[in-house]
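Residue numbers (UniProt numbering): 1 to 383.
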């Protein structure tokens, strides 16, 4: 027993000594003092970007934050961002994947969480040349315009409903619905909500999967960031496995529906799932990559859209002068006889500026996806 205790203490001492050596060897950016083993996990507040902003006021524009034994360097001004994203982009092009990101992306088999290399170049090419080509985006324009029109009609009906007289309307509900319907139709070619606002069984399952994925992905649990502790939390590993199986089951069912429909009709539609299945042999895409790409689009296109529009509307209400100028431009360019379409955007410079300013003030993802160094680099004079 005493021998086992001595061995355990020796291993821990060696580990701590090694980490201390690494810490003292390099000139690391300043930051909050980490605790042994857990780092700064207990110091991080729920709204992370605000927590980091507070620390930046204390320690400067580049800070060190430890997630367990993993060092995270956070930069918060344009000069340092230029160093990270432009001057050292090749050395910092890989992705640090937490446990949830690794599970959801099959260790980077998608695009968002892929390391820079042949796979990333191939998948990026698929997205640039095939999925987001001007031709395909134009072909999918009726879907986007149809969903916006449905939202406007829904708001009008609720506003003119005698039962709603004197009641407030939550804009978030309508914006969230249009974002949900838009991305599911673009990605899967399916509208899970009927004209009466009732969601079908697949739609309910889809929403539950998205909600559960966000919950698992936002975890700050110690086992998420300290790999050697995971054996103590078998239920968490089981939760990730169940979520992955549930997500894949729904996605494969939709993919099979599209495959059968394509075989019957003899042609593919413009939706992303059809496009990826058609391009599977041409680009040697695995099933994991196709599923990963579809969920990348869903993750990037749902909440981000709703959040951005809601903040833009809030800023317009808070700035009546800007709201009036935007309305005057719409009246002048669009008029009162027709509905606005995407082709009108190029003739609405003031509205474009409003959208860009709203995104500057309230970016939907204030924290970028993490980058991982594949070589030793200096940022802001630090290692």
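Even for Gly, the Cβ is constructed at its ideal location relative to N, Cα and C.
Given the structure is predicted, the values throughout are model-derived calculations rather than measurements.
Could you name the residues of the same chain whose beta carbon sits closer than 7 angstroms to that of residue 322, not counting the 5 residues immediately before and after it, in chain order?
316 and 354
Mind checking which residues open and close the alpha helix (DSSP H) that includes residue 149?
141-160
Classification of residue 291 by the beta-carbon crowding that lies within 10 angstroms, buried from 16 upward:
buried
From the DSSP output, read off the bridge partner residues of residue 372.
Under DSSP, residue 372 forms a beta bridge with 94.
In chain order, what residues of the same chain lie with their CB nearer than 8 angstroms to the CB of residue 185, ignoring the 5 residues before and after it?
Correct list, in chain order: 143, 147, 191 and 271.
According to DSSP, is residue 72 part of a helix, a strand, or is it coil?
strand
8 angstroms Cβ shell around residue 351 - same chain, five flanking residues per side excluded:
326, 329, 330 and 345
Run through the DSSP bridge pairs and tell me what residue 164 is partnered with.
Answer is none; residue 164 lacks a bridge partner.
Does DSSP classify residue 55 as helix, strand or coil?
helix
Is it the case that the segment 100-108 contacts the segment 73-87, given that we only count it when at least three CB pairs across the two stretches are under 8 angstroms?
no
In three-state DSSP terms, what is residue 382?
Strand, per DSSP.
Counting C-beta neighbours from all protein chains within 10 Å, is the total for residue 133 16 or more, i.e. buried, or is it exposed?
Only exposed fits residue 133, as fewer than 16 other CB atoms lie within 10 angstroms of its CB.
Spatial neighbours of residue 304 within its chain, please: CB distance less than 7 angstroms, with the 5 preceding and 5 following residues excluded, ordered by chain position.
364 and 365.
When the Cα atoms are used, what is the spatial distance from residue 269 to residue 334?
31 angstroms
Are the Cβ atoms of residue 27 and residue 283 separated by less than 8 angstroms?
no
Which listed residue (155, 261 and 209) has its alpha carbon closest to that of residue 169:
155
Check residue 272 in the structure and name its three-state DSSP category.
helix
Does the beta carbon of residue 67 fall short of 7 angstroms from some heavy atom of the ligand GTP?
What this structure holds is no ligand at all, so the ligand GTP is not there to describe.
Assign residue 39 to one of three DSSP states: helix, strand, or coil.
strand
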